[in-house]
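A.B. asks: Mapping of the sequence shown onto our numbering: position 258 corresponds to residue 1317, and the numbering continues sequentially without gaps. The C-beta atom is built at its ideal place from N, Cα and C for all residues, glycine as well.
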Amino acid sequence: MAPPAMAFQALTFSPLPLHLHTSRRRVRVLAVTADQPPPPPQASPSEPANSPSRLLRELAERKKAVSPKKKHPPRRFILKPPLDDERLTQRFLNSPQLSLKSLPLLSSCLPSAPLSAADRTWMDEYLLEAKQALGYPLAPSETLGEGDDCPARHFDVLLYLVFQHLDPSCERTRTRHVRNGHSRLWFLGQFVLELAFSEFFLQRYPRESPGPMRERVFALIGKKMLPKWIKAASLHNLVFPYDDLDRMIRKDREPPTKAVFRALFGAIYLCFGMPEVYRVLFEAFGMDPEEESCQPKLRRQLEDVDYVSVEFEKRQLTWQDVAAYRPPADALFAHPRLFRACVPPGMHRFRGNIWDFDNRPKVMNILGYPLPMNDKIPEITEARNIELGLGLQLCFMHPSKYKFEHPRFCFERLEYVGQKIQDLVLAERLLMKHLDAPGRWLAEKHRRLLMNKYCGRYLRDKHLHHYIIYGESVQDRFEHNRRLRNPSTTAVQQAIHGLSYCVYGKPDVRRLMFEVFDFEQVQPKAV
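(1) For Ala-1343 and Gly-1281, what's the separation of their Cα atoms in angstroms?
(2) Determine the direct distance from the alpha carbon of Tyr-1328 to that of Ala-1255, and round the result to whole angstroms.
(3) What do you reckon, are the CB atoms on Thr-1234 and Leu-1225 nearer than 7 Å?
(4) Quick check on Gln-1580: does DSSP put it in helix, strand or coil?
(5) Just how far apart, CA to CA, sit Gly-1557 and Leu-1501?
(6) Applying the 10 Å Cβ sphere with the 16-neighbour rule, what's the burial state of Gly-1270?
(7) I'd like to know whether the C-beta atoms of His-1295 and Leu-1304 end up nearer to each other than 7 Å.
(8) Considering only residues of the same chain and omitting the five flanking positions on each side of Leu-1169, which have a CB-CB separation below 6 Å?
(9) Quick check on DSSP: helix, strand or coil for Met-1456?
(10) Since His-1526 and Phe-1537 are thought to touch, with beta carbons under 8 Å apart, how far apart are those beta carbons, to the nearest angstrom?
(11) Tell me which residue opens and which closes the alpha helix (DSSP H) that Ser-1547 is part of.
(12) With distances taken between CB atoms, is the gap from Tyr-1560 to Val-1568 smaller than 7 Å?
(13) Give me, in chain order, the residues of the same chain whose beta-carbon lies closer than 6 Å to that of Leu-1077; leave out the 5 immediate sequence neighbours on both sides.
(14) Assign His-1539 to buried or exposed, taking buried as 16 or more other Cβ atoms, counted over all protein chains shown, within 10 Å of its Cβ.
(15) Alpha carbon to alpha carbon, what distance is there between Lys-1504 and Asn-1444?
(16) Under DSSP, the alpha helix (DSSP H) around Ser-1171 begins and ends at which residues?
(17) Taking the Cβ atom as the reference point for each residue, do Gly-1333 and Leu-1279 lie within a distance shorter than 7 Å?
(18) Any idea which residues DSSP pairs Ile-1445 with across the strands?
(19) Taking the alpha carbon of Ser-1228 as the reference point, which residue from Phe-1470, Phe-1576, Glu-1531, Tyr-1301 has its own alpha carbon closest?
(20) Using beta-carbon positions only, say whether Ala-1383 and Tyr-1337 come within less than 7 Å of one another.
(21) For Arg-1399, which residues of its own chain have a beta-carbon under 6 Å away from its beta-carbon, when the five flanking residues on both sides are left out?
(22) Whole angstroms is fine: what's the gap from Arg-1570's alpha carbon to Asn-1424's?
(23) Suppose contacts are defined by Cβ-Cβ distances below 7 Å. Is Tyr-1195 in contact with Leu-1297 by that definition?
(24) Consult DSSP for Ile-1528 and reduce its assignment to one of helix, strand or coil.
(25) Among the residues of its own chain, which have a CB less than 6 Å from the CB of Leu-1494, if the five just before and after it don't count?
(26) Of the residues Gln-1478, Leu-1523, Arg-1488, which one's Cα is nearest the Cα of Leu-1451?
(27) Rounded to whole angstroms, what is the Cα-Cα separation between Thr-1180 and Pro-1199?
(28) Do you know how far the Cα of Asp-1143 is from the Cα of Ala-1119?
(29) From Ala-1442 to Leu-1391, what does the alpha carbon distance come to, in whole angstroms?
(30) Going residue by residue through the segment 1371-1431, where are the continuous alpha helix (DSSP H) segments of at least 4 residues, counting only ones entirely within it?
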């Protein structure tokens, strides 16, 4: 039986009202090309179809048609033969970087070759304007001090390098010794600024946590604000001699101002030290930490019922107080006021507890503490060692333990200053170690050496993470979860560096970083 016929014929569709736009446009065809591959070369009648010579000839023809024309590298990327020993020795002996034996850091930031006539011409024309804007005497810096051992004598050369940010249209700024000299200065200057502001805000706001302080620093020297400060100090004509700063777009004006601003403070730090950094920041540039735009965002503050040191109770410190402060001759520490700002007086309630009795001697033995000091009075040595032990206990005190009842009984403030001094110490080490390296290469090397996971790893290699004091509610989680444990070990590592800077100064931070924890990983490992 045949299947029933499908009644498609019964379906009828009503015609749709289609409105076609039939407006004709006259297009004039000028030429028609066909993209056809070139015909294969004809084989000679004497050659067979699968002849090797014929196949090679066809392959060569096909490569001609398919592969693009090779571009030769520009001449500056072609490797040159190395200098012979005599010329290399002469180049090093003529380098200004090897002219100062007593100031190795300053010497490493000088240009790698003597300045040319074009460099001297720029200095004669523009350097007086820069020195006048910054408040320096207009006389040549070579007249300052006596002998080459005075760092201020080299200020003119470094100030010239400060304003030589890379300009593709300027041949002078593209020379190697100028380009590398400028980038090395801004590499150092960024860490100088961070340390200066961390010390200033820790002493100015003795009860504040580091979070709001970081916001204040960013509001003052974030890259959006730097063109404003450059213009406030009347330096914009030196940075952009041919452009109007206010009419430039952000991506054109922010990178040069950031490089010049950082390099400027690298040069000032090398020649005059940290007090002069504060003077230029707050006097020449006119920065105001109490300005409305520099205030941190409002947040719920934990009530701080603990005492602060007497010198912070009477009034809020100004930048003049911080810049002009000199520790007394019989001071317990290298930076006594900074120590008082980071270690609260109430830490004495923890003297003689279980951690102090059991773990402190082990930690001090691993870190090589206490260091031998030449104190005339034995009581000073004993008092310093007691304070050092309390500071070490604070370094290992995690915020989960006491922070919610006593906000300053944790390592956060020591961690903040330790992070900054750690950055600066490693930057100085890299500058003195790699004399011919540009700043960008040094910044990448610096970042890789100080990655947070490595800092925590060096602490764990010494088995110091077992002494961290956690709150009872989170102890199991932090000890068995590496995602929680590793950031806390990194913070303890930085807090230890902050404590050593406050108590013994920058040389002890170098000792801890490169001898005890071996940040550069150059010491032989135990088999």
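C.D. replies: Checking against the coordinates, here is how it stands:
(1) Going from the Cα of Ala-1343 to the Cα of Gly-1281 covers about 18 Å.
(2) Going by C-alpha positions, Ala-1255 is about 10 Å away from Tyr-1328.
(3) Not a contact, by the Cβ cut-off of 7 Å.
(4) Residue state, collapsed to three classes: coil.
(5) Separation of Gly-1557 and Leu-1501 (C-alpha to C-alpha, rounded to the nearest whole angstrom) is 23 Å.
(6) The residue in question, Gly-1270, is exposed, as its Cβ has fewer than 16 Cβ neighbours within 10 Å.
(7) At the C-beta level, His-1295 and Leu-1304 come within 7 Å of one another.
(8) If we look at Leu-1169 and ignore the five residues flanking it on each side, its Cβ neighbours are Pro-1155, Gln-1156.
(9) Collapsing the DSSP output to three states places Met-1456 in a strand.
(10) Going by the sequence as given, residue 1526 is Tyr instead of His. With 8 Å as the limit, Tyr-1526 and Phe-1537 do not qualify as a contact, their Cβ atoms being about 13 Å apart.
(11) In the DSSP annotation of this structure, the continuous segment of the alpha helix (DSSP H) that includes Ser-1547 starts and ends at 1541-1562.
(12) Less than 7 Å separates the beta-carbon of Tyr-1560 from that of Val-1568.
(13) With a pLDDT of only 49 at Leu-1077, under 50, the local geometry of the prediction cannot be trusted, and the value read off the model is given with reservation. Same-chain partners within the cutoff: there are none.
(14) When all chains shown are included, His-1539 counts as exposed.
(15) Cα-Cα distance, rounded: 36 Å.
(16) Counting along the chain, Ser-1171 falls outside any alpha helix (DSSP H), and DSSP gives it neither H nor E.
(17) Note on identity: in this sequence residue 1333 is Met, with Gly being the wrong assignment. Contact flag unset, no.
(18) For Ile-1445, which the question treats as bridged, DSSP gives no partner whatsoever.
(19) With distances taken between CA atoms, Ser-1228 lies nearest to Tyr-1301 out of Phe-1470, Phe-1576, Glu-1531, Tyr-1301.
(20) No, the Cβ-Cβ distance between Ala-1383 and Tyr-1337 is not below 7 Å.
(21) So the qualifying residues of the chain are Ser-1368.
(22) Looking at the two C-alpha atoms, the distance is approximately 14 Å.
(23) The Cβ atoms of Tyr-1195 and Leu-1297 lie no closer than 7 Å to each other.
(24) In the three-state DSSP reduction, Ile-1528 falls in the strand class (E or B).
(25) Leaving aside the five residues that flank Leu-1494 on each side, the residues in its chain whose CB is nearer than 6 Å to its CB run, in chain order, Gln-1156, Ser-1167.
(26) Answer by Cα proximity: Leu-1523.
(27) For Thr-1180 and Pro-1199, the distance between alpha carbons rounds to 14 Å.
(28) Computed Cα separation, rounded: 43 Å.
(29) About 8 Å.
(30) Here the runs fully enclosed are 1378-1383, 1395-1401, 1413-1417, 1419-1426.
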